[in-house]
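Here's the structure, in structure tokens; my notes come after.
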Amino acid sequence: MAVLEETIDIAVIGAGHAGIEAGLAAARLGLQAVVFTINLDAVGNMPCNPAIGGTGKGHLVRELDALGGEMAKAADKACIQYRMLNRGKGPAVWSLRAQADRRRYQSVMKHTLETQENLLLRQAEIVDLRVTDGHVSAVVTETGGVYAVKAVILCSGTFLDGRTIVGECVRESGPDGMHASLTLADALKKLGLPLRRFKTGTPARVHRRSIDFSKLTRQPGDESIQPFSFLTKSEMKNKVDCYIAFTNEETHRVIHANLHRSPLYGGKIEGVGPRYCPSIEDKVVRFAEKPRHQIFVEPCGLDTEEMYLQGMSSSLPEAVQNEMYRTIEGFEHLEIMRPAYAIEYDCADPTALAPTLEFKEIRGLYGAGQFNGTSGYEEAAAQGLLAGLNAARAVQGRPGIVLKRQESYIGTLVDDLVTKGVLDPYRMMTSRSEYRLYLRQDNADERLTPLGREIGLVDDARWAEFNHRRAVRREEAARLTKVVVRPADANPVLAEKGEPLLTSGASAAELLRRPALRYTDIARMLPENPDVTPFIAYCLETEIKYEGYIKRQQSQIGAVKRQEETPIPEDFDYAPLTGLRLEAREKLAKIRPRSVGQAARIPGVGPADVACLAVELAKRRRSEGKE
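Position one of the sequence shown corresponds to residue 0 (numbering that gives the first Met the number 0), numbered consecutively onward.
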């Protein structure tokens with residue numbers, strides 16, 4: 000038996016986006032944590048898109064920041080172009096996205112881990128977990144090191160039994176040519192963890208000099224930039240342009256002619272790929288009626304000539320990739336630096352997890368990120384923070400934190416995973432939330448920073464900044480409601496905007512509800528408030544314009560609160576409930592929901608089943624004298 004080298008509180012396996020947030024959260028709550036990684040030079044790696052945020056994903060980044068996470072701050076230090084997506088739609092779906100300098104982001108994150116108190120960053124491959132009396136007790140490295148642990152967080156990304164595929168070339172590998180984690184995959188199977196096979200892919204990286212940008216559509220960043228972090232004070236600048244290209248009929252002809260060489264259609268790929276980010280060969284087959292598909296041409300950083308071709312992931316042979324890419328206008332002489340590839344990997348069935356992200360059958364073992372069946376850096380980071388803080392609280396003998404879907408996108412993400420499960424890699428989108436008008440990115444701090452403070456992840460500086468910003472928002476909202484604007488002050492601005500003129504005074508808030516008017520227009524009618532920043536102005540404008548809709552959604556949230564607050568005992572026996580359909584009994588016994596509200600969201604559990612369950616729980620509460 001290997002000699003025990005060291006005792007630690009929490010071991011984090013993997014230093015991707017999930018592992019980073021998990022390790023930092025645990026350490027910041029006072030636990031001794033070690034983040035193990037196969038390669039120290041790949042901490043915070045972006046093996047796919049060199050970007051942070053996007054539709055729904057930007058909400059996760061803001062929520063992470065509000066809770067005291069790191070991704071938003073690192074993004075603001077490393078990002079080189081910012082764009083607010085969906086500006087043509089309502090504010091509920093506005094989402095920030097930014098191109099990142101890939102290596103700068105890695106450097107920032109690695110140094111953050113290196114300088115964090117209570118945290119050790121270590122290059123070592125974990126090959127085995129030891130479980131004693133149903134609780135994880137130790138991790139074992141490839142070189143024979145054994146570490147006693149109180150909790151383990153699995154953040155293996157796409158490394159677990161990973162294999163990369165380019166045409167006929169299939170090899171055991173993680174992303175970017177790093178070696179896969181094969182032995183650990185076998186160890187997890189022996190422990191009985193329910194694993195499944197997923198797949199993802201990435202496009203080619205190409206040389207900037209080989210692109211004729213004059214034939215592409217330029218896509219600049221926003222003139223007025225909103226940073227990710229609520230703490231970022233420095234002026235943000237766009238440093239690069241992105242571009243848009245399009246496939247064409249010839250591109251599609253090349254793909255169709257070589258489908259027999261596609262691992263996806265030739266049976267070499269076993270894993271299930273992401274529904275919302277298909278390969279280009281999959282797009283061409285599934286959407287045959289479309290004459291072209293959009294490609295975003297994105298820089299990988301300021302000190303590299305590599306460009307990323309978002310929307311063109313593929314697993315076709317390299318020679319076919321060359322032919323395919325060069326059919327595109329502007330890509331006639333394209334030089335591939337890294338070919339596109341697909342990657343298969345093992346991940347867990349997330350219904351085996353509790354809402355705290357702890358495995359139900361092995362205490363002290365947590366999962367986060369792609370290991371839980373998700374895709375995306377942002378989804379991974381959100382889970383990492385939650386797993387890290389819950390592992391820390393469990394070690395401290397404190398109850399876990401469960402975020403509700405009606406209070407955050409992080410709560411929606413986790414609830415979807417552990418309640419509904421996944422059939423393909425899960426991607427966050429605003430459409431997944433029933434409460435998206437309330438769960439906006441601009442109010443993430445209002446919703447979650449008090450909780451982050453209560454947990455212990457929000458430090459004094461962040462708390463002071465939050466309270467100042469909240470006070471300014473509330474005071475200005477009160478002023479706009481109370482101050483009456485005279486026609487003489489309002490009408491010149493209204494005439495300019497083509498709005499009906501005032502014949503008598505109106506409150507500033509009433510004027511701001513007019514669709515054509517912005518806060519900046521109202522500010523021209525009133526004495527200036529120097530404390531109102533552009534971001535606070537945007538928040539005020541949204542809250543006042545959509546006040547009625549927001550109140551309606553808050554009322555809906557209140558209506559579901561009773562179900563969400565009706566607990567189900569962890570050891571509740573569903574078998575005797577003959578009023579439940581067999582499928583419902585099986586699903587309930589497997590998922591073991593914590594509340595009636597969660598039970599109602601389980602696929603296969605119908606309204607009649609929920610009603611039956613609610614009646615039985617009420618009977619038990621009465622018999623126990625709790626009602």
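We put the CB at the ideal spot given by N, CA and C, even for glycine.
These numbers come from a predicted model, not from an experiment.
Taking only runs of the beta strand (DSSP E) that begin and end inside the stretch 532-584, which ones reach a length of at least 3 residues, in chain order?
none
Is the Cβ-Cβ distance between Ile224 and Val417 less than 9 Å?
no
With burial defined as no fewer than 16 other Cβ atoms inside 10 Å of the residue's Cβ, what is the status of Ile7: buried or exposed?
buried
Helix, strand or coil for Glu305? Go by DSSP, reduced to three states.
strand
Just how far apart, CA to CA, sit Met306 and Glu540?
38 Å
Pick out whichever of Ala353, Glu585, Asp75, Cys346 has its Cα sitting closest to the Cα of Tyr573.
Glu585
Below 8 Å CB to CB, which residues in the same chain sit around Ile12 once its five sequence neighbours on both sides are set aside?
Gly18, Phe35, Ile125, Val138, Val151, Ile152, Leu153, Cys154, Ser155, Leu183
Among Asn490, Ala25, Thr199, Lys188, the one whose alpha carbon lies nearest that of Asn117
Ala25
What's the C-alpha gap between Gly497 and Met427?
39 Å
Whose C-alpha, out of Lys282, Val145, Asp302, Tyr264, is nearest the C-alpha of Ile294?
Lys282
9 Å Cβ cutoff met for Ser278 and Ala341
yes
Alpha carbon to alpha carbon, how far is Met524 from Val492? Give it in angstroms, no decimals.
8 Å
Are the stretch 347-363 and the stretch 35-46 in contact at 8 Å, needing three or more beta carbon pairs?
no
Is Asn44 buried or exposed, if buried means 16 or more other CB atoms sit within 10 Å of its CB?
buried
Roughly how many whole angstroms lie between the Cα atoms of Arg517 and Phe534?
13 Å
Return the bridge partner residues of Met524 from the DSSP annotation.
Met524 is not bridged to any residue.
By DSSP, does Phe212 sit in helix, in strand, or in coil?
helix
Cβ contact (3+ pairs, closer than 8 Å) linking the stretch 209-225 and the stretch 381-395
no
Look up Leu119 in the DSSP assignment and say whether it is helix, strand or coil.
strand
Specify, as a first and last residue, the run of the alpha helix (DSSP H) that Pro491 falls within.
486-496
Do Gly53 and Ala381 have their beta-carbon atoms positioned less than 9 Å apart in this structure?
no
Cut-off 6 Å between Cβ atoms - residues of its own chain near Leu693, not counting five sequence neighbours on either side
The question about residue 693 has no answer here: the residues shown for the chain are numbered 0 through 626.
For Pro202, does the three-state DSSP call read helix, strand or coil?
coil
When every heavy atom of the ligand GDP is checked, does at least one fall within less than 8 Å of the C-beta of Glu495?
Only the bare structure without any ligand can be found here, which leaves the ligand GDP out of the picture.
DSSP state of Ser278 mapped onto helix, strand, coil
coil
Indicate the three-state DSSP secondary structure (helix, strand or coil) for Pro298 in the structure shown.
strand
My parser needs the alpha helix (DSSP H) runs of 4 or more residues fully inside the stretch 95-165; what are they?
101-113
Please work out which residues of its chain come closer than 6 Å, Cβ to Cβ, to Arg102, disregarding the five sequence neighbours upstream and downstream, and give them in chain order.
Gly300
Taking contact to mean 3 or more Cβ pairs, one atom from each stretch, closer than 8 Å, check whether the stretch 436-449 and the stretch 508-522 are in contact.
no
Check the C-beta distance from His58 over to Leu438 and give it rounded, since I have them as a contact under 8 Å.
7 Å
For Leu315, the nearest candidate out of Ala73, Pro298, Asn257 (CA to CA):
Asn257
Report buried or exposed for Leu581, applying the criterion of at least 16 other Cβ atoms within 10 angstroms of its Cβ.
exposed
Per-residue burial, Thr350 [other beta carbons within 10 Å of its own, 16 or more giving buried]:
buried
Ser554 classed as buried or exposed, judged by whether at least 16 other C-beta atoms fall within 10 angstroms:
exposed
Just the Cα atoms here: how many angstroms apart are Ala508 and Gly55?
29 Å
Report the rounded CA-to-CA distance for Ala536 versus Ala477, giving the unit in angstroms.
13 Å
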